[in-house]
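Quick note on numbering: the first sequence equals residues 22 to 153 in the numbering used here.
Beta carbons: idealized from backbone N, C-alpha and C, even for Gly.
Because the structure is a prediction, the values reported are computed rather than measured.
One structure is given below, encoded as C-alpha cells.
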Amino acid sequence: MKEKELRRSLSVFPIGTVMKLTDLTARQIRYYEEQELIRPQRNDGNRRMYSLNDIDVLLEIKDYLAEGINMAGIKHIYDMQAQAQQKKQADLDRPVTDNDVRRIFHDELLQQGRLNSDEQGQPTLFHTHKRL
DNA sequence: ATTCTCACA
DNA sequence: TGTGAGAA
Numbered sequence: 022m023k024e025k026e027l028r029r030s031l032s033v034f035p036i037g038t039v040m041k042l043t044d045l046t047a048r049q050i051r052y053y054e055e056q057e058l059i060r061p062q063r064n065d066g067n068r069r070m071y072s073l074n075d076i077d078v079l080l081e082i083k084d085y086l087a088e089g090i091n092m093a094g095i096k097h098i099y100d101m102q103a104q105a106q107q108k109k110q111a112d113l114d115r116p117v118t119d120n121d122v123r124r125i126f127h128d129e130l131l132q133q134g135r136l137n138s139d140e141q142g143q144p145t146l147f148h149t150h151k152r153l
C-alpha cells in the first residue's frame, strides 16, 4: 500500500484550488508553510504546488484553530508526531541484542499455550517480533 | 487571470 | 493576519 501514499504526496494543486478546498486565505496557507507545518513544492514558475497530504494537514490545522489551539500548540502536536515516528524508525533499525533474543524466546514460551487453541491466529514466528 | 515577494497611511 | 504594489 505504498503506491497510494506516493500519490497522496504528489504536489499537484495550485494555491487557488487549496484556498477553495480549505476555505483558508492565501496569506494563511503561506504562513503555515513558514511555520513548517506543510512543505509544498515549487513548480518551474516558482508557484507553490500542494499535495493531498498538505490539504489534509491544512484542514486539521483549521480544526485545531477552531478548538482554540494556537500556532505554538499546533506546532508541538506535529513535532511530537514527527518525533514519535523517528523513535519508531530507530527501534526498527536497532540491532537485536542477546537480551532481545532471551525476551523473544520467553514471550514465545508464554504464547505457545494460546497458539494451539486458535488456528486462525496470525503466524507467530520468531522473526515477526519487530517490537522489543 | 494567478501567484509571488515584500512592505506597512 | 489583512492588503496593496510591482513583477513574472
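Would you mind listing the beta strand (DSSP E) stretches within the region 52–123 that are 3+ residues and don't spill past its ends, in chain order? 69–71
Strand pairing of residue 34, partner residues [DSSP]: Counting from 1 along the first sequence, the entry for residue 34 is found at position 13. Beta-bridge pairing links residue 34 to 71.
To the nearest angstrom, report how far apart residue 77 and residue 44 are at their CA atoms. Against the first sequence, residue 77 aligns to sequence position 56. Against the first sequence, residue 44 aligns to sequence position 23. Taking the straight line from one Cα to the other gives about 13 Å.
Touch test, the region 57–65 against the region 102–113, Cβ-Cβ under 8 Å, three pairs minimum: no
Look at the Cβ atom of residue 70, then the Cβ atom of residue 116, and state whether they are nearer than 8 Å. For the purposes of this step, residue 70 is taken as residue 49 along the first sequence, with counting starting at 1. For the purposes of this step, residue 116 is taken as residue 95 along the first sequence, with counting starting at 1. No. Outside cutoff.
Residue 72 burial status per 10 Å Cβ neighbour count (16 or more: buried): Within the first sequence, residue 72 is the residue found at index 51, counting from 1. Residue 72 is buried by the Cβ-count criterion.
Where does residue 144 land, buried or exposed, given buried means 16+ other C-beta within 10 angstroms? Position 123 of the first sequence holds residue 144. The pLDDT assigned to residue 144 is 48, lower than 50, so where the model puts this residue is not dependable, and the model offers no usable value.
Could you check if residue 31 is buried or exposed, using at least 16 other CB atoms within 10 Å of its CB as the buried criterion? By one-based count along the first sequence, residue 31 stands at place 10. By the 10 Å Cβ count, residue 31 comes out exposed.
Return the chain-ordered list of same chain residues with a C-beta closer than 7 Å to the C-beta of residue 27, the five sequence neighbours on each side being excluded. Along the first sequence, read from residue 1 onward, the residue named residue 27 stands at position 6. Once the five neighbours on either side are set aside, residue 27 has no close Cβ partner at all.
Going by DSSP in three states, residue 144 sits in which element: helix, strand or coil? Locating residue 144 in the first sequence gives position 123, counting from the first residue. Annotation note: pLDDT 48 at residue 144 (below 50); position unreliable, coordinate value reported separately. The answer is coil: DSSP assigns residue 144 none of H, G, I, E or B.
Count the other CB atoms within 10 Å of the CB of residue 130; is the residue buried (16 or more) or exposed (fewer)? Position 109 of the first sequence, counting from 1, holds the residue named residue 130. Looking at its Cβ environment, which holds fewer than 16 other Cβ atoms inside 10 Å, residue 130 is exposed.
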